[in-house]
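**Student:**
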Amino acid sequence: MVTELILFLLGLYMLVKSSNLIVKGSTSLAHKLGVSALVIGLTVVAFGTSLPELVVNIFAAINNNPDLIFGNIIGSNIANILLVLGISAIVGTVTIRYTTVWKTIPFALVSSFILFILVSKVFIGDFEGPYLTRINALILLALFGMFIYSVLEMIKNEKSKVPLLKPEKDDNYKIALKLLLGIVGIFIGAKLVLEGVINLSRIFGISEFLISATAIALGTSLPELAVSINAVLKGKVDLAVGNIIGSNIFNILWVLGIAALIRPIKIPDFILFDISVMFFATLLLFVFIFVRKKHQLTRKSGIVFVILYLLYISFILIRG
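The sequence shown begins at 511 in the working numbering and counts up by one.
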């Protein structure tokens with residue numbers, strides 16, 4: 511048991527550190543290209559911090575571990591909004607820009623709602639059975655393509671409006687090395703995490719969903735937490751919010767889409783509740799910032815978010 515636990519924790523550590531390397535390398539590359547903070551957060555940083563979920567889920571799809579796939583994605587997305595943004599708001603007031611309020615967050619809402627529809631259809635007599643199919647995967651990936659297109663349009667519109675971040679001093683060799691080490695570390699860490707979840711669930715007799723929605727979700731959300739808190743402290747709120755919202759969209763449309771494309775994913779019969787929590791967490795974020803004229807997420811809002819996250823974790827621990 512001790513060996514399995516050590517390997518699991520080592521895998522999580524490698525995921526976090528490797529993701530950090532990828533974020534640094536990709537952000538340096540984006541800086542050299544003169545891209546705005548919001549766009550960096552929505553794309554390169556969001557991709558880097560979602561990479562642990564992607565690789566873990568690729569291995570999980572190959573090994574046919576559906577509970578791990580859903581637990582990892584949904585648990586991470588709930589943690590991103592309620593825990594990561596909650597703690598970020600407690601650290602410092604998060605002011606969210608017009609573009610994020612009216613374009614990005616609604617896209618995250620639509621993504622969550624479409625996932626709910628695709629999953630709930632299996633409980634109303636769908637002939638395909640209780641699976642997220644390859645056709646469903648193509649729908650998610652098509653929506654992801656629309657998201658990327660909207661970000662590219664945002665780049666065109668914002669180049670003249672948003673101050674560009676100063677280029678980093680890293681040379682091309684250092685950037686390439688960070689990206690290479692990060693990718694290798696992610697793959698090794700993901701393999702260790704997957705094996706750890708399977709072994710620990712057998713040893714303790716608990717579900718893979720519970721482990722992935724708590725331990726793995728928290729572990730793979732650490733990069734988002736570190737990036738967001740650091741961004742808030744440095745006054746780069748666009749990067750923090752773009753990172754969270756972009757990462758959640760990546761997780762639903764890109765990560766889950768790729769996993770279901772590799773192998774149709776059996777849908778757990780309890781998952782509708784967890785997807786509903788993810789949807790309403792995103793909706794709550796939109797409502798909280800919409801009702802304020804300055805579109806701010808205050809310290810009080812952050813405390814509410816963290817409390818709601820603890821309540822959700824308590825519920826799934828009791829559910830088992």
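Backbone N, C-alpha and C define an ideal beta-carbon position, used for all residues, glycine too.
Would you kindly check if the distance between the Cβ of Phe-654 and the Cβ of Phe-580 is under 9 Å?
**Tutor:** Against the sequence shown, residue 580 aligns to sequence position 70. Against the sequence shown, residue 654 aligns to sequence position 144. In this structure, Phe-654 does not lie closer than 9 Å to Phe-580 by Cβ.
**Student:** Identify the residues that DSSP records as bridge partners of Ile-775: which are they?
**Tutor:** For this step, residue 775 is matched to residue 265 along the sequence shown. Looking at the DSSP assignment, Ile-775 forms a beta bridge with Leu-642.
**Student:** In whole angstroms, what is the alpha-carbon distance linking Tyr-683 and Lys-542?
**Tutor:** Residue numbering aside, residue 683 sits at position 173 when the sequence shown is read from its first letter. Residue numbering aside, residue 542 sits at position 32 when the sequence shown is read from its first letter. C-alpha separation (whole angstroms): 13 Å.
**Student:** Would you mind stating whether Thr-528 and Gly-699 have Cβ atoms separated by less than 9 Å?
**Tutor:** Start at 1 with the first residue of the sequence shown, and residue 528 comes out as number 18. Start at 1 with the first residue of the sequence shown, and residue 699 comes out as number 189. In the sequence under discussion, the amino acid at residue 528 is Ser, which differs from the Thr named in the question. Their beta carbons are under 9 Å apart, which means Ser-528 touches Gly-699 by this criterion.
**Student:** Tell me which residue opens and which closes the alpha helix (DSSP H) that Leu-782 is part of.
**Tutor:** As a first step, residue 782 must be located in the sequence shown, where it is residue number 272. 781-800 is the span of the alpha helix (DSSP H), which, as asked, contains Leu-782.
**Student:** Measure the alpha-carbon distance for Gly-602 versus Leu-689 and round it to whole angstroms.
**Tutor:** Locating residue 602 in the sequence shown gives position 92, where the first residue counts as 1. Locating residue 689 in the sequence shown gives position 179, where the first residue counts as 1. Rounded to whole angstroms, Gly-602 to Leu-689 spans 30 Å at the Cα level.
**Student:** Tell me the residue span of the alpha helix (DSSP H) that contains Phe-617.
**Tutor:** Counted from its first residue, the sequence shown places residue 617 at position 107. That run of the alpha helix (DSSP H) goes 615-630.
**Student:** Could you have a look at Thr-808 and say whether DSSP puts it in helix, strand or coil?
**Tutor:** Here residue 808 refers to the residue found at position 298 of the sequence shown. Thr-808 falls in the coil class under three-state DSSP.
**Student:** Could you check if Pro-677 is buried or exposed, using at least 16 other CB atoms within 10 Å of its CB as the buried criterion?
**Tutor:** Mapped onto the sequence shown, residue 677 falls at position 167. Any answer about Pro-677 is weak, because its pLDDT of 49 lies below 50 and its placement is not dependable; what the coordinates show is given next. Pro-677 comes out exposed.
**Student:** Straight-line CA distance for Ile-837 to Lys-804?
**Tutor:** This structure cannot speak to residue 837, because the chain is shown only from 511 to 830.
**Student:** Can you name the start and end residues of the alpha helix (DSSP H) that Val-601 belongs to?
**Tutor:** Here residue 601 refers to the residue found at position 91 of the sequence shown. Segment 596-601, the alpha helix (DSSP H) holding Val-601.
**Student:** With a 10 Å radius around its C-beta and 16 neighbouring C-beta atoms as the bar for buried, classify Pro-774 as buried or exposed.
**Tutor:** In the sequence shown, the residue the question calls residue 774 occupies position 264. When all chains shown are included, Pro-774 counts as buried.
**Student:** Are the CB atoms of Ile-721 and Met-524 within a distance shorter than 9 Å?
**Tutor:** By 1-based counting over the sequence shown, the position of residue 524 is 14. By 1-based counting over the sequence shown, the position of residue 721 is 211. Not in contact: Met-524 and Ile-721 (Cβ atoms no closer than 9 Å).
**Student:** Leaving aside the five residues before and after Ser-660 along the sequence, list all residues of the same chain whose C-beta is less than 8 Å from its C-beta, in chain order.
**Tutor:** Position 150 of the sequence shown, counted from the start, is the residue given in the question as residue 660. These residues qualify, in order along the chain: Lys-613 and Phe-617.
**Student:** Going by beta-carbon coordinates alone, are Gly-596 and Ile-726 separated by less than 9 Å?
**Tutor:** For the purposes of this step, residue 596 is identified with residue 86 of the sequence shown, where counting begins at 1. For the purposes of this step, residue 726 is identified with residue 216 of the sequence shown, where counting begins at 1. For Gly-596 and Ile-726, no; Cβs fall outside 9 Å.
**Student:** If you compare alpha carbons, which of Tyr-641, Phe-623, Val-594 and Leu-593 is closest to Ile-762?
**Tutor:** Counted from its first residue, the sequence shown places residue 762 at position 252. Comparing Cα positions, the closest option is Phe-623.
**Student:** Could you give the first and the last residue of the continuous alpha helix (DSSP H) run that contains Leu-687?
**Tutor:** Counting from one through the sequence shown, the residue named residue 687 turns up at place 177. According to the DSSP assignment, Leu-687 belongs to the alpha helix (DSSP H) that extends over 682-714.
**Student:** Among the residues of its own chain, which have a CB less than 6 Å from the CB of Met-831, if the five just before and after it don't count?
**Tutor:** Because residue 831 is not part of the residues shown, which for the chain are 511 to 830, the question remains open.
**Student:** Expressed to the nearest angstrom, what Euclidean distance is found between the alpha-carbon atoms of Asn-646 and Ala-770?
**Tutor:** Counting from 1 along the sequence shown, the entry for residue 646 is found at position 136. Counting from 1 along the sequence shown, the entry for residue 770 is found at position 260. Going from the Cα of Asn-646 to the Cα of Ala-770 covers about 8 Å.
**Student:** CB-CB under 7 Å to Val-787, same chain, minus the five flanking residues each way: which ones, in chain order?
**Tutor:** Locating residue 787 in the sequence shown gives position 277, counting from the first residue. Counting only Cβ-Cβ distances below 7 Å, and skipping sequence neighbours, we find Ile-588 and Tyr-822.
**Student:** Within 10 angstroms of the Cβ of Asn-753, are there 16 or more other Cβ atoms? Answer buried if so, exposed if not.
**Tutor:** Locating residue 753 in the sequence shown gives position 243, where the first residue counts as 1. That one is buried.
**Student:** Would you call Ile-817 buried or exposed, if buried means 16 or more other Cβ atoms sit within 10 Å of its Cβ?
**Tutor:** Start at 1 with the first residue of the sequence shown, and residue 817 comes out as number 307. Exposed: under 16 other Cβ atoms inside 10 Å.
**Student:** By the 10 Å Cβ neighbour count, where 16 or more other Cβ atoms means buried, how is Ile-826 classified, buried or exposed?
**Tutor:** Counting from 1 along the sequence shown, the entry for residue 826 is found at position 316. Per the 10 Å Cβ criterion, buried.
**Student:** How long is the line joining the alpha carbons of Ile-685 and Ile-693, rounded to whole angstroms?
**Tutor:** Here residue 685 is taken as the residue at index 175 of the sequence shown, counted from 1. Here residue 693 is taken as the residue at index 183 of the sequence shown, counted from 1. Cα to Cα, Ile-685 sits roughly 12 Å from Ile-693.
**Student:** Assuming Val-629 contacts Ile-785 under a Cβ cut-off of 8 Å, what Cβ separation, rounded to an integer in Å, is found between them?
**Tutor:** Residue mapping note: residue 629 aligns to position 119 of the sequence shown, counting from 1. Residue mapping note: residue 785 aligns to position 275 of the sequence shown, counting from 1. Val-629 to Ile-785, Cβ: 6 Å. Contact.
**Student:** For Leu-648, which residues in the same chain have their Cβ closer than 8 Å to its Cβ, ignoring the five residues on either side in sequence?
**Tutor:** The residue given as residue 648 occupies position 138 in the sequence shown. The residues are Gly-767 and Leu-771.
**Student:** Would you check if the distance between the CB atom of Val-594 and the CB atom of Ser-731 is smaller than 9 Å?
**Tutor:** As a working note, residue 594 is residue 84 in the sequence shown. As a working note, residue 731 is residue 221 in the sequence shown. Taking 9 Å as the Cβ cut-off, Val-594 and Ser-731 qualify as a contacting pair.
**Student:** Going residue by residue through the segment 560-598, where are the continuous alpha helix (DSSP H) segments of at least 4 residues, counting only ones entirely within it?
**Tutor:** Runs found: 576-588.
**Student:** Taking the CB atoms as reference points, tell me whether Leu-515 and Gly-706 lie closer together than 9 Å.
**Tutor:** Along the sequence shown, read from residue 1 onward, the residue named residue 515 stands at position 5. Along the sequence shown, read from residue 1 onward, the residue named residue 706 stands at position 196. Cβ distance < 9 Å, so Leu-515 and Gly-706 count as in contact.
**Student:** Whose C-beta lies closer than 7 Å to the C-beta of Val-765 among residues of the same chain, with five residues either side of it excluded?
**Tutor:** Counted from its first residue, the sequence shown places residue 765 at position 255. Result list for Val-765: Ser-560, Glu-563, Leu-564, Asn-567 and Ile-583, in chain order.
**Student:** Once you ignore the five residues that flank Ala-791 on each side, which residues in its own chain have a CB closer than 6 Å to its CB?
**Tutor:** Within the sequence shown, residue 791 is the residue found at index 281, counting from 1. Same-chain partners within the cutoff: Ile-588, Ile-591 and Leu-592.
**Student:** To the nearest angstrom, how far is the alpha carbon of Asp-738 from that of Ser-598?
**Tutor:** As a working note, residue 738 is residue 228 in the sequence shown. As a working note, residue 598 is residue 88 in the sequence shown. Correcting the residue identity first, residue 738 is Ser in this sequence and not Asp. Cα to Cα, the separation comes out at about 6 Å.
**Student:** Would you mind sorting Ala-652 into buried or exposed? The rule is 16 or more other CB atoms within 10 Å of its CB.
**Tutor:** Taking the first residue of the sequence shown as position 1, residue 652 is located at position 142. It is exposed - the Cβ of Ala-652 has fewer than 16 other Cβ atoms within 10 Å.
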